[in-house]
Amino acid sequence: MFYIFIITFLVLVQIYLIFKSYSFISDFFNSKKIKKLSYLIITIIIGYLNFSFIVSITISHSNNLKSSDLFYYGFLYPGGVWQGMSILLFFIFLLKDKLVLFYKYFMYIMKKLYRLKYKETKVNVSESRRKFLKGLSASLALPPIIGSVYGATMQSSNFVINKKRIKFCFLPDKLKGLKIAQLSDIHAGIYLRKKKILEAVEITNSLNPDIIALTGDYVSNSGRYIYPCIEALSLLRPKLGIYSCIGNHDNWVNRDLIIDGLKSAEIKILINENQKIEYNGYDFYIAGIEDPWYAKPDLKKTLKYIPEDSFKILLSHQPILFDDAEKEKVNLTLSGHTHGGQIAIPVLGMPLNIVMFVTPYVSGLFLKNESYLYVNSGIGFTGPPFRMNVPPEITLITLV
Ligand SMILES: [Fe+2]
Numbered sequence: 156m157f158y159i160f161i162i163t164f165l166v167l168v169q170i171y172l173i174f175k176s177y178s179f180i181s182d183f184f185n186s187k188k189i190k191k192l193s194y195l196i197i198t199i200i201i202g203y204l205n206f207s208f209i210v211s212i213t214i215s216h217s218n219n220l221k222s223s224d225l226f227y228y229g230f231l232y233p234g235g236v237w238q239g240m241s242i243l244l245f246f247i248f249l250l251k252d253k254l255v256l257f258y259k260y261f262m263y264i265m266k267k268l269y270r271l272k273y274k275e276t277k278v279n280v281s282e283s284r285r286k287f288l289k290g291l292s293a294s295l296a297l298p299p300i301i302g303s304v305y306g307a308t309m310q311s312s313n314f315v316i317n318k319k320r321i322k323f324c325f326l327p328d329k330l331k332g333l334k335i336a337q338l339s340d341i342h343a344g345i346y347l348r349k350k351k352i353l354e355a356v357e358i359t360n361s362l363n364p365d366i367i368a369l370t371g372d373y374v375s376n377s378g379r380y381i382y383p384c385i386e387a388l389s390l391l392r393p394k395l396g397i398y399s400c401i402g403n404h405d406n407w408v409n410r411d412l413i414i415d416g417l418k419s420a421e422i423k424i425l426i427n428e429n430q431k432i433e434y435n436g437y438d439f440y441i442a443g444i445e446d447p448w449y450a451k452p453d454l455k456k457t458l459k460y461i462p463e464d465s466f467k468i469l470l471s472h473q474p475i476l477f478d479d480a481e482k483e484k485v486n487l488t489l490s491g492h493t494h495g496g497q498i499a500i501p502v503l504g505m506p507l508n509i510v511m512f513v514t515p516y517v518s519g520l521f522l523k524n525e526s527y528l529y530v531n532s533g534i535g536f537t538g539p540p541f542r543m544n545v546p547p548e549i550t551l552i553t554l555v
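156 is the number of the first residue of the sequence shown in our numbering; add one for each residue after it.
This is the structure we're talking about:
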């Protein structure tokens, strides 16, 4: 049912945009020949991008996961970016049309209310002024087009390394200096290839971490991509080990395949359980909890047998479990899932994103009583394969 809804919506968006483009062309050009040629060009471009998207989806569920750079950048990736871009365009034009309609009704009602003589007067709008207004309307397409292309090229390719020194009130001296690198939401798939994960691995190793925490969503929409993902992650070289929890996409796509893949790379998967780790001759605990969407998180079980005064780190894919973790005196919770909103639009200097309406824990560091939460913005994508003002992130936390 969900897929039928999504496919119907995407098809309607494409039809809407084709007719919108036709309407702009029809208003701008007088020559019939140019109009016909423009209709043809627009139809070919939108057709090409949609064909590319269909091929991408088909390939992502096939066994052939490899594609050349030319095929990827010239064909597959533009189709994915277009789907995201077209949704932005759709909402912008829909909003504009609704605002214009609202303005017309508002003016009509005001005139009626104030008993002003409402007389339909025909205003002679010059051809050049009409074209100018149409041009202004069409120019609304520029921000999403430029933003999507920039987000798909520049902003998605450069990692940001967030180094955080977190000061705890009661940190045992022997744990001071412990370095934890966190990677999250890799979303390996048709739009996030092994090359990108290898880059993240190389950067993470260069940070020389003691522990590496992986906080879920290793694949996007096909379990097969766990293989290239694992090939890259197996090159991680922390001093003490790699610990992980499972994300909602992993459970949704193919939980068993993901778990087997992680195990094969000697990555410790913590499923409602914890592990004692020794550092500088001192024991502390790292725990991992199930994702609440497609599995059953059990915090009591996850923290079972951990001595009360021990230092505890919890890996929880979704930050929503932080409030419960804080009550259980977990010292540090590491999460992902939000992608930092993935697309943040600056409004009055504030980065506005859709996730901020769902959770207060969008990205970064949070403190509640004596318990910390860090939400990593992730590496890959959900939905459109681009990021805007939320670059892919690698976190390095040092306990002080
Ligand atoms: Fe995710």
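We treat Cβ as the ideally placed atom computed from N, Cα and C, and that holds for glycine.
Mapping DSSP to helix, strand and coil, what is Ile391? A small correction: the amino acid at residue 391 is Leu; Ile does not occupy that position in the sequence shown. Correct three-state label for Leu391: coil.
Rounded to a whole number of angstroms, what is the C-alpha to C-alpha distance between Asp328 and Asp224? 50 Å
For the stretch 347 to 357 against the stretch 490 to 501, are there 3 or more C-beta pairs whose distance is under 8 Å? no
Under the three-state DSSP convention, the category Asn317 falls into: strand
Those residues which DSSP pairs with Gln337 across a bridge: Ala368 and Thr550
Quick one: residues with CB closer than 5 Å to any heavy atom of ligand 1, in chain order, please. Asp340 and Asp372
Considering Ile209, what are the terminal residues of the alpha helix (DSSP H) in which it resides? Lys187 to Ser215
Could you tell me the alpha carbon to alpha carbon distance between Lys351 and His342, rounded to whole angstroms? 11 Å
Can Ile444 and Ile432 be called in contact, C-beta distance under 8 Å? no
Exposed or buried, Val555, counting other C-beta atoms within 10 Å across all chains shown (16 or more means buried)? exposed
Residues in the same chain with beta-carbon distance under 7 Å from Tyr449, minus the five sequence neighbours each way, listed in chain order, please. Asn403, Asn406 and Trp407
Can you tell me the Cβ-Cβ gap for Gln337 and Asn205, rounded? I've got them flagged as a contact below 8 Å. In fact, because the Cβ distance is near 37 Å, the residues do not count as touching under 8 Å.
Give the straight-line distance between the Cα atoms of Ile247 and Ile180, rounded to the nearest whole angstrom. 18 Å
Residues sharing a beta bridge with Gln430, DSSP: Ile441
Going by C-alpha distance, which of Leu412, Lys423, Ile385 and Glu483 is nearest Ile397? Lys423
Does the stretch 539 to 546 touch the stretch 232 to 243, meaning 3 or more C-beta pairs lie closer than 8 Å? yes
Assess contact between the stretch 282 to 301 and the stretch 507 to 525, defined as three or more Cβ pairs (one per stretch) separated by less than 8 Å. Is contact present? no
Between which two residues does the beta strand (DSSP E) harbouring Ser471 extend? Lys467 to Ser471
In the structure shown, what three-state DSSP assignment does Val255 receive? helix
I believe Gly378 touches Leu417 by the beta-carbon criterion, under 8 Å. Please report the beta-carbon distance rounded to the nearest angstrom. Not quite, the Cβ-Cβ distance comes to about 12 Å (not below 8 Å), so this is no contact.
Span of the beta strand (DSSP E) around Gly533: Run containing Gly533: none; DSSP gives neither H nor E here.
Taking the beta strand (DSSP E) that Ile397 falls in, what are its first and last residues? Gly396 to Cys400
Given this structure, state the Cα-to-Cα distance separating Pro515 from Phe466, to the nearest angstrom. 25 Å
DSSP on Val485, reduced to helix/strand/coil? coil
As assigned by DSSP and simplified to three states, the class of Ile170: helix
My output table needs one value for Ser375: the three-state DSSP class, helix, strand or coil. coil
What residue from Pro364, Pro383 and Asp464 has the CA that sits closest to Leu353's CA? Pro383
Rounding to the nearest angstrom, what Cα-Cα distance links Ser178 and Tyr373 in this structure? 43 Å
From Ile197 to Leu165, what distance separates their C-alpha atoms? 17 Å
Tyr232 - partner residues in DSSP beta bridges: For Tyr232, which the question treats as bridged, DSSP gives no partner whatsoever.
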